[in-house]
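What follows is a single structure, written as structure tokens, with notes after it.
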Amino acid sequence: MAVTHDVPPQLDELVSTAHRIREAVESVVEGKSDAVRLTLTVLLAEGHLLIEDVPGVGKTMLAKALARSIDCPVRRVQFTPDLLPSDITGVSAYNQQTREFEFKPGPVFANIVVGDEINRASPKTQSALLECMEEHQVTVDGVTYQLDSPFMVIATQNPIEMEGTYPLPEAQRDRFTARVAMGYPEPHAELEMLDVHGGASPLDKLQPVATTAEVRALIEAVRGVYVSQPVKKYAIDLVVATRHSPDLRLGASPRSTLQLVRAARAHAALAGRDYVIPDDLQDLAVPVLAHRLLPSVEAQGQRRLPEQVVTDLVRRVPVPETRAS
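The opening residue of the sequence shown carries number 1 in full-length UniProt numbering; numbering runs sequentially from there.
Printed below as a string of structure tokens:
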């Protein structure tokens, strides 16, 4: 018997608010609707996003546009080789008037943290984000401080100009829910960009279209999106397939299964559904799984990228039959 899903009123509100945010971001970032949609998906899935591409294609612009579209605290960190962990998390400073140490919060105490060129900082500084991203808390001098919700890290890095940089280790990459590549714009989008960005930057005129409270409500609504047992099993099958693929020497972690399902809930909600279907997992498999995988030596020799491997696995792994109406 088919299960009936009554779409709650919150879902209609979610779609409407997300549409406003999406329109605001796309008024700044032309021709990148897929990247904008994935960014929104990660935000509502309570995850973090890694934007990786060549210079000048709008990585930082996308991150800033999302941040400005929401009326919430936003901080930007330019990662450099001399950046210290305390420059991110904060530091305890001695107050001569009170004769006590006071905690001075770092830029991580914001709802959206934009980390520019994260691979230019040392591994020690990169690891300062680990606890923040996973536990939504910061520990300084033995004292733990909770981070406000929503909390999202949007990090950018260039895959070229790798001299003097510190590539993100697997443990750090695994904490990013998804990775997106901007890619070069289509000629018509680039022409429109010349018209829009030719004078002043549209980012300066961008006004918030959603509040922090609204985003929290959206996240809460996404948590209630239904995931059936067959769909959960399908998510596990996709992840397990990466661990047994001869083209990979490192498969996806159990964390990636959790992130895939969370992202699928947000993906379904943005489509106006209160339940997840296999198509949601298929659409998100590459951006959620590929950056966590390491190709085998043979695959590297054949120039088979992890994205291609995941795409092939999605075609091969049997899709469960689900019924929802």
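The beta-carbon is built from N, C-alpha and C at its ideal position, and this holds for glycine as well.
From a predicted model like this one, the values you see are computed outputs, not experimental measurements.
In the DSSP assignment, Lys104 forms a beta bridge with Val91.
For the region 119 to 180, the continuous alpha helix (DSSP H) assignments of 4+ residues that do not extend past its boundaries occur at 123 to 126, 128 to 135 and 170 to 173, in sequence order. Distance from the CA of Leu62 to the CA of Gln97, rounded to the nearest whole angstrom, comes to 43 angstroms. DSSP places Ile51 in the strand class (E or B) of the three-state scheme.
DSSP places Ile219 in the uninterrupted alpha helix (DSSP H) bounded by Thr212 to Arg223. Contact between the region 14 to 28 and the region 66 to 84 is established, with three or more Cβ pairs separated by less than 8 angstroms. Going by DSSP, Val231 is part of the alpha helix (DSSP H) stretching over Gln229 to His244.
Around the C-beta of Asp280, 16 or more other C-beta atoms lie within 10 Å, and the residue is accordingly described as buried. Take Asn119, set aside five residues on each side of it, and the residues of its chain with a beta-carbon closer than 7 angstroms to its own are Gln157, Thr165, Tyr166, Pro167 and Leu168, in chain order. Nearest C-alpha to Val138 among Ser33, Asp116, Gly106 and Leu191: Gly106. Taking each of Leu284, Arg273 and Ser245 in turn and checking the Cα distance to Val261, the smallest one comes out for Leu284. Annotation: the continuous beta strand (DSSP E) that includes Leu248 extends over Leu248 to Leu250. Under a 10 Å Cβ-count criterion, Gly224 is classified as exposed, with fewer than 16 other Cβ atoms of the shown protein chains found around its own Cβ.
In this structure, the straight-line span from the alpha carbon of Arg99 to that of Ala217 is close to 42 angstroms. Here Arg76 carries a strand assignment [DSSP, helix/strand/coil].
For Leu260, the secondary structure class from DSSP, reduced to helix, strand or coil, is helix. Rounded to the nearest whole angstrom, the C-alpha separation of Ser149 and Asp53 is 28 angstroms. In this structure, the straight-line span from the alpha carbon of Gly58 to that of Asn95 is close to 42 angstroms.
When DSSP reads this structure, Asp71 sits in a beta bridge with Thr211. Judged by beta-carbon spacing, Gln308 lies beyond the 8 angstroms limit of Gly47, meaning their Cβ atoms are not closer than that value.
A Cβ-Cβ contact shorter than 8 angstroms links Val153 with Gly115. For Gly58, no beta strand (DSSP E) encloses it, and the DSSP letter there is neither H nor E. Using a Cβ-Cβ distance cut-off of 8 angstroms, the region 123 to 143 and the region 167 to 181 are in contact, since at least three pairs of beta carbons, one from each stretch, lie closer than that value.
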